[in-house]
Every structure is written in structure tokens, then in C-alpha cells.
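J.: Residue numbers (the numbering used here): -5 to 288.
1. Report buried or exposed for residue 37, applying the criterion of at least 16 other Cβ atoms within 10 angstroms of its Cβ.
2. By the three-class DSSP mapping on this structure, what secondary structure does residue 208 have?
3. Report the three-state DSSP secondary structure of residue 10 (helix, strand or coil).
4. Which partner residues does residue 68 have in the DSSP bridge list?
5. Could you check where the alpha helix (DSSP H) with residue 59 kicks off and where it finishes?
6. Quick one: using the 10 Å Cβ neighbour count with 16 as the cut-off for buried, is residue 239 buried or exposed?
7. As a quick exercise: from 220, 265, 202 and 128, pick the residue whose alpha carbon is nearest that of residue 241.
8. Could you pull out every residue in the same chain whose Cβ sits closer than 7 angstroms to the Cβ of residue 232, ignoring the five residues on either side in sequence?
9. What beta strand (DSSP E) runs, 3 residues minimum, are completely inside the region 74 to 108?
10. Alpha carbons only, please: which of 88, 279 and 271 is nearest the one belonging to residue 254?
11. Under 8 angstroms: do the region 214 to 222 and the region 57 to 67 share three or more Cβ pairs, one atom per stretch?
12. Taking Cβ to Cβ, would you say residue 121 is nearer than 8 angstroms to residue 172?
13. Could you tell me whether any non-hydrogen atom of the ligand PLP is closer than 7 angstroms to the CB of residue 205?
14. Is it true that the CB of residue 206 sits closer than 8 angstroms to the CB of residue 21?
15. Taking residue 148 and residue 102 to be in contact with their CB atoms under 8 angstroms, please state how far apart those CB atoms are, rounded to whole angstroms.
16. Taking residue 39 as the reference, which of 4, 222, 165 and 196 has the closest Cα?
17. Looking at C-alpha atoms only, which residue of 26, 10 and 287 is the closest neighbour of residue 34?
18. Do residue 290 and residue 227 have their C-beta atoms within less than 8 angstroms of each other?
19. Please list, in chain order, all residues of the same chain as residue 188 whose beta carbon is under 6 angstroms from its beta carbon, the five residues on each side excluded.
20. Grab the span of the beta strand (DSSP E) containing residue 44 for me, first residue to last.
21. When burial is assigned at 16 or more other CB atoms within 10 Å of the CB, is residue 182 buried or exposed?
22. State the Cα-Cα distance for the pair residue 210 and residue 16, rounded to the nearest angstrom.
23. Could you round the C-beta distance between residue 246 and residue 270 to whole angstroms and report it? I think they count as a contact, below 8 angstroms.
24. Could you compute how far the alpha carbon of residue 283 sits from the alpha carbon of residue 58?
25. How far does the beta strand (DSSP E) with residue 269 in it extend, from its first residue to its last?
26. On the three-state DSSP scale, how would you describe residue 290?
27. Could you check where the alpha helix (DSSP H) with residue 142 kicks off and where it finishes?
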């Protein structure tokens, strides 16, 4: 059974669940039978870019991708705000104000660092047990709570008379559509997102990604090695903890290790080149978060 990561450069209009189904189908057609597959965080159908898909034991690390820092390129078009805050929705407000480059540059520090934002009404968040977007589509008024997020970096890459394209490095839970809305309003205008592309998710970037067409070659006989990254690629952003055979045996049994000199933090324990477990070190003691059967 394969264990690792297929990083899909998700095309427009393909849902994250559909992407997982495409990986399963291609693995099955390639003769791998029933394999565990899961994605590391959804990506809207109208967004493109990095979608990490975990295969086999890597599915145990998919939750880490939900917590990971991500980076997005997005275009904010000024002049119209929509119900969905992107090009799919109906226009709700318009403005003739078109901010200058200098005005945009001056406002960005206000949206860098810890900020508060209200998620879009058209989002997958639940309100009284129902998805916000289902309520919004049914014509109900949706009120979502303000949430705290962190914008680690926000840089302009292109600007025109009517729009600006930026790259944002953000914490989990950040809604780029809300960020775009709030930037436009702070500039005395309104706006919506016309392009959204995830360029990085945790340790994975577009350099690691393959197209859907490339993925579909797997089911036609192309070697899996050309498409899958190793299991430990999902651990590249945290340090390794070398384990002796005895320590590795203890960890595989779920026992704690003590007397470690490593600073507090998250590590991946390895015996030689074999990943053994995801571990948390606190005050010289390491406990197992997730064990790996590799």
C-alpha cells in the first residue's frame, strides 16, 4: 500500500471531495485496490492551487494541514461587492472609488499581524447546525461571529486601475474573501475577489503540485513514483527526533520517553529513516500524538 502525498494543483470548479475521489479512482485503476485517501483542508471550487491529498498512513497527518500556515494569491477588483464576495455572487453594493497604489500600500499594515474578521455568509461554517451557505442560499440572513486570525505577510504583486493582486501568508481560519472585502471598505470603496489561488499549504507549494491531467495518467499506467511525495514530506516543517531501537519500540507501544534534552515542541520520531510517530516534547518528556504503521 502506498503512503505519501499527492499535491494536486486543483483546477477551477473541482471540489476538494471530487479531488479525493479522483485520486482514489486513479489508484484503484493503477491496481492499488482500496487505499485510505484524505485531503489536508478544503479549497473552494472557485479557487485553484495547492491541495495536499494524503495517501495511506499520511492520512494521519491530514489534520496537521488544517492547522498549517497557508499562502494565497488573490485579485481584489474594486467597484462592486457581491453576496458571496467573489465573482459568483450577485452585486449588493457599488462604488466609483478606485484607490491609488500609494493608498493601497498605506492601508496594508492595518491588515498585517493579528486581526479580527467576520467570515463570509457564503461559507461552510455552521449556524445552529446548518451550513452558513445553505442558509444564505435559502434567503435567510446569516450573522457570523468575528474571529481572530493572523496575516503573517501581505504583499502587492500587480496593480491596475480597477484591481490589485496580492499574496497573503495567513493562519488557519482566515477567509481571503473577507480580507478582500475589508481592505476595499477601508479604502473607501467596495470590492470582491476575482481570482484566488493557493500557492502554499504547510510544507507544500506549487513546485510540488501536479495537474489533474497528470494525475489521470496514473490510472493509465504511469508510475506512481512520478506523482507521490514521500510520507515524511508532510513533516518537513517540524524537526526530527532520532530514536534508538529500544526507544522506538517503546514509542510504538504508546509509552512516554523521559529525560530528553530537546526543547518543548512538536517532533516526528524516527528510527533510522523510518517515521515512527508524531510526538510532543514537554519538560523533557515526549508523548505520542499519532503513531505510524510503516
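Heads up, the beta-carbon is just placed ideally off N, CA and C, and yes, glycines get one too.
T.: According to the data block:
1. buried
2. The three-state reading of DSSP puts residue 208 in helix, counting H, G and I together.
3. helix
4. 160 and 190
5. 56 to 61
6. Burial call: exposed.
7. 265
8. Excluding residues within five positions, the ones whose Cβ falls inside 7 angstroms are 260, 261 and 262.
9. 74 to 76 and 85 to 88
10. 279
11. No, the region 214 to 222 is not in contact with the region 57 to 67.
12. no
13. In the structure shown, the ligand PLP is absent, as is every other ligand, since no ligand is present at all.
14. Against a cut-off of 8 angstroms, the Cβ pair of residue 206 and residue 21 comes out as no contact.
15. Yes, they are in contact, since the Cβ atoms of residue 148 and residue 102 sit about 5 angstroms apart, within 8 angstroms.
16. 4
17. Closest by alpha carbon: 10.
18. Residue 290 is absent from the model: the chain starts at -5 and stops at 288.
19. 69, 71 and 81
20. Run containing residue 44: 42 to 49, per the beta strand (DSSP E) assignment.
21. exposed
22. 8 angstroms
23. 6 angstroms
24. 11 angstroms
25. 268 to 276
26. This structure does not reach residue 290, given that the chain is present from -5 up to 288, and the question cannot be answered.
27. First-last for residue 142: 141 to 153, but that is the beta strand (DSSP E), not the alpha helix (DSSP H).
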